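Right, one structure below, let's go through it.
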Amino acid sequence: MNQKTQSCQQKLRISRDALEVIQGKWRMPIVLALTFGNKRFGELQRDIVDISPKMLSQELKALEENKIITRTLYDSMPVTVEYSLTPLGKSMKKLLDEVLIWGEHFRKEVIGK
Numbered sequence: 001m002n003q004k005t006q007s008c009q010q011k012l013r014i015s016r017d018a019l020e021v022i023q024g025k026w027r028m029p030i031v032l033a034l035t036f037g038n039k040r041f042g043e044l045q046r047d048i049v050d051i052s053p054k055m056l057s058q059e060l061k062a063l064e065e066n067k068i069i070t071r072t073l074y075d076s077m078p079v080t081v082e083y084s085l086t087p088l089g090k091s092m093k094k095l096l097d098e099v100l101i102w103g104e105h106f107r108k109e110v111i112g113k
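So in UniProt numbering, spot 18 of the sequence shown is number 18, and the numbers just go up one at a time.
Here you go:
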């Protein structure tokens, strides 16, 4: 196997790993919402229109398992849970900025808005 093929395969593996973490309809919106600050479950649900509580819960768990977000439990009455970005999650800011730029371009070119 030559150097070019190895380099291509390595980049494909790396990109597949990254896409595995951010795949789906809801993970990027959750991360984007958390770039505006720590949020509780209900706040996230209000920010992200049309996501069901079950789906939000599943996606938050997946993002937490991948160390993109952290879940903090506060010992209060009632118990308060808050979600925030980890340093790894915060490192996605440049990616999110580029996705938003591309998304605006896409909307103009394809959707016409």
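Positions of the beta carbon are idealized from the N, C-alpha and C atoms, including for glycine.
As the structure is a prediction and not an experimental result, all values here were calculated from the model.
- Using a 10 angstroms sphere on the CB of Y74, the tally of other CB atoms stays under 16, which defines it as exposed.
- In the structure shown, S7 falls within a helical segment according to DSSP collapsed to helix, strand and coil.
- When G24, S57, K108 are compared, the shortest CA-CA separation from R71 is found for S57.
- Rounded to whole angstroms, the separation of the alpha carbons of D17 and Q45 is 27 Å.
- E59 and K4 have their C-alpha atoms spaced approximately 36 Å apart.
- Exposed is the label assigned to G103, since fewer than 16 other Cβ atoms lie within 10 Å of its Cβ.
- Across the structure, P29 and S7 are spaced so that their CA atoms are roughly 31 Å apart.
- When C-alpha distances from D47 are compared across K54, L32, K61, the shortest belongs to L32.
- Ranked by Cα distance from I68, the first of I22, I14, T80, L12 is I22.
- An exposed status is given to M77, since fewer than 16 other beta-carbon atoms sit within 10 Å of its beta-carbon.
- Annotated as proximal: V81 and R40, with beta-carbon spacing under 8 Å.
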